[in-house]
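**Q** Here it is, the structure, as structure tokens.
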RNA sequence: GGCCCCAUCGUCUAGUGGUUAGGACAAGAGAUUUUCAAUCUUUAAACAGGGGUUCGAUUCCCCUUGGGGCUACCA
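Residue numbers (this note's numbering): 7 to 473.
Pasting the structure below:
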């Protein structure tokens, strides 16, 4: 049974790069008929953020990539004794040792090493010391793993291929901190083993520490899982995506009016592709199509324009679906627009709005109506008199309509044109301006349907008064 | 600094020891229309550089350059 996990630290809203990793972990598991699990890595008490776990769960649920153990997932902070036991097992078997060096001493060592141009490393004062546990005060020691000298460790990565590391360049890594918490390296190895994780899919930044983990598996006598290190996501400046690039959390995009379907589709395409020219995917399609070997090695730049375009497309897709259901009135309620009518839905579907928020803002503005200068009503090839004729006849023609639908309104306006020897611009333009109050807007017919008969006639009336 | 990863249009990417190097987003142009943000058509746009290997390299190898990561009692 294939099993992957998403193991975030609750240090704030999950970052889009982080969530993309979760997506790939989810997709890999699903594509293989396996399980996708969640685990909270809260071993860093200094960076812990209240409510972080809730935000993680909310993000995953929103995107529809809910872990299989969502009802009961482990927290590392609740398993301190387990890690401690394993750390001491390693001390007993000689693969790790207790170290009582103070942080001050280590800092001084590192400073010294830096001056000599050497890499900062633990100098191994405690490596051969024997400590009696009873003499040690709680909180005054750490446990370090022993790094063998001159060993080559080969990481076989599903994405990067074989990567070789030399252990003499690696430090005697601390695995148990003085506060009794494990470091990532210990906890990840213990937990992945206990949870039966078969494939560790994680960010690129972990590749360099993978040899440490491999060594730990060896020390414990455990079988190691397979690894796949994903390239990072960069900002437009090709620097690692961060807060200064704007919204970076998944939920931030939710608030901006992006659909989960769009975020999923977009993230999947960042570093993965189906090896053909398809670009539109739903989550369930991705679950079938995803192949880890089709993941790129190179980092990808997060392009908001592409996301916008995908989101606009997904909004259109959704409008088509919503029209046949009864929840259309609720579509934009989170952005302050209730009771959408059919015509308004059409407007959104055709408008190419990048986000739901933009669409909602437009509907709000349309409903409120905009003030405009009377001159705007006159088409550039027209004059005041013909405009007035057009508006007045349009009003009475529309007044007589029984059915308030696209074709009927269109025909009514066309009739006004022919019956009064006017041009399209003498009628369509001023009606459009009367309804929208804007230089640029959807067509008068679409606006009329969206506004409804009563409001449409009221606004045309208002325009006539203005002239 | 050391170690590791990476490199095709501006961006996401496909691709092959011999191709007109393909698609998408963005950009430009045009068409249409009452306007446009919609729609349709269309144009421009890339193999980072230098060495090899080879009859032939964008493709394989090496170097350089550039970008990224790691080098914590952070993950």
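Cβ coordinates follow ideal geometry from the N, Cα and C atoms, glycine included.
Just to confirm, is the Cβ distance from residue 287 to residue 271 under 8 Å?
**A** For residue 287 and residue 271, yes; Cβs fall inside 8 Å.
**Q** Cβ atoms of residue 336 and residue 351: under 8 Å apart, would you say?
**A** It is not a contact, given that the beta carbons lie outside the stated cut-off.
**Q** Under a Cβ-count criterion, where at least 16 other Cβ atoms within 10 Å of its own Cβ denotes burial, should residue 151 be classed as buried or exposed?
**A** The residue in question, residue 151, is buried, as its Cβ has 16 or more Cβ neighbours within 10 Å.
**Q** Mind pulling the alpha helix (DSSP H) runs of 4 or more residues that sit fully within the region 414–456?
**A** Those alpha helix (DSSP H) runs which fall completely within the region 414–456 and span 4+ residues are 430–442.
**Q** Residue range of the alpha helix (DSSP H) that residue 151 falls in?
**A** It is not in any alpha helix (DSSP H) - residue 151 instead sits in the beta strand (DSSP E) that spans 148–151.
**Q** May I ask which residues mark the beginning and end of the beta strand (DSSP E) holding residue 159?
**A** Looking at the DSSP string, the run of the beta strand (DSSP E) that includes residue 159 is 158–163.
**Q** Identify whether residue 304 lies in helix, strand or coil by the three-state DSSP scheme.
**A** Here residue 304 sits in coil by DSSP.
**Q** Skipping 5 residues on each side, what residues in its chain have a beta carbon closer than 7 Å to that of residue 364?
**A** Closer than 7 Å at Cβ, skipping near neighbours: 263.
**Q** CB residue 412 to CB residue 466, shorter than 8 Å?
**A** Not closer than 8 Å, so no.
**Q** Could you tell me how far apart the beta carbons of residue 73 and residue 42 are, in whole angstroms, since I believe they sit closer than 8 Å?
**A** With 8 Å as the limit, residue 73 and residue 42 qualify as a contact, their Cβ atoms being about 5 Å apart.
**Q** Anyone know if the C-beta pair for residue 93 and residue 192 falls short of 8 Å?
**A** For residue 93 and residue 192, yes; Cβs fall inside 8 Å.
**Q** Is residue 169 helix, strand or coil by DSSP?
**A** In this structure, residue 169 counts as strand in the three-state DSSP scheme.
**Q** Evaluate residue 55 with the Cβ neighbour count: other Cβ atoms within 10 Å of its Cβ, from every protein chain shown; 16 or more gives buried, anything less gives exposed.
**A** Result: exposed.
**Q** Helix, strand or coil for residue 232 per DSSP?
**A** Strand, per DSSP.
**Q** Would you identify the three-state DSSP class for residue 42, choosing helix, strand or coil?
**A** Strand at residue 42.
**Q** When burial is assigned at 16 or more other CB atoms within 10 Å of the CB, is residue 438 buried or exposed?
**A** The residue is buried, with at least 16 neighbouring Cβ atoms inside 10 Å.
**Q** Can you tell me the Cα-Cα spacing of residue 469 and residue 359, whole angstroms?
**A** Approximately 28 Å between the Cα atoms of the pair.
**Q** Which residues bound the beta strand (DSSP E) around residue 209?
**A** Here the beta strand (DSSP E) through residue 209 covers 205–209.
**Q** On the DSSP bridge assignment, give the partners of residue 104 in chain order.
**A** DSSP, once it has assigned bridges, lists 149 as partnering residue 104.
**Q** Under a three-way DSSP split, which group does residue 402 fall into?
**A** Correct three-state label for residue 402: helix.
**Q** When we look at the beta-carbon of residue 158 and count the other beta-carbons within 10 Å, is it buried (16 or more) or exposed?
**A** Exposed.
**Q** If I measure Cβ to Cβ from residue 9 and keep anything under 6 Å in the same chain, skipping five residues before and after, which residues do I get?
**A** Excluding residues within five positions, the ones whose Cβ falls inside 6 Å are 40, 41, 202, 203, 204.
**Q** Quick test of your reading: residue 27 and residue 209, contact by CB under 8 Å. State the CB separation rounded to the nearest angstrom.
**A** With a Cβ gap of about 6 Å, residue 27 and residue 209 count as contacting.
**Q** So residue 251 and residue 241 are in contact, right, with Cβ under 8 Å, and what is the actual spacing, rounded?
**A** 4 Å between Cβ atoms; contact.
**Q** Once DSSP output is grouped into helix, strand and coil, what is the label at residue 27?
**A** Helix at residue 27.
**Q** Taking DSSP as the reference, what is the three-state secondary structure of residue 65?
**A** Of the three classes helix, strand and coil, the one that applies to residue 65 here is helix, per DSSP.
**Q** Taking C-alpha atoms, which residue in 281, 90, 254 lies nearest to residue 197?
**A** Selected option, being the one with the closest Cα: 90.
**Q** Return the first residue and the last residue of the beta strand (DSSP E) that residue 12 is part of.
**A** Per DSSP, residue 12 belongs to the beta strand (DSSP E) from 9–12.
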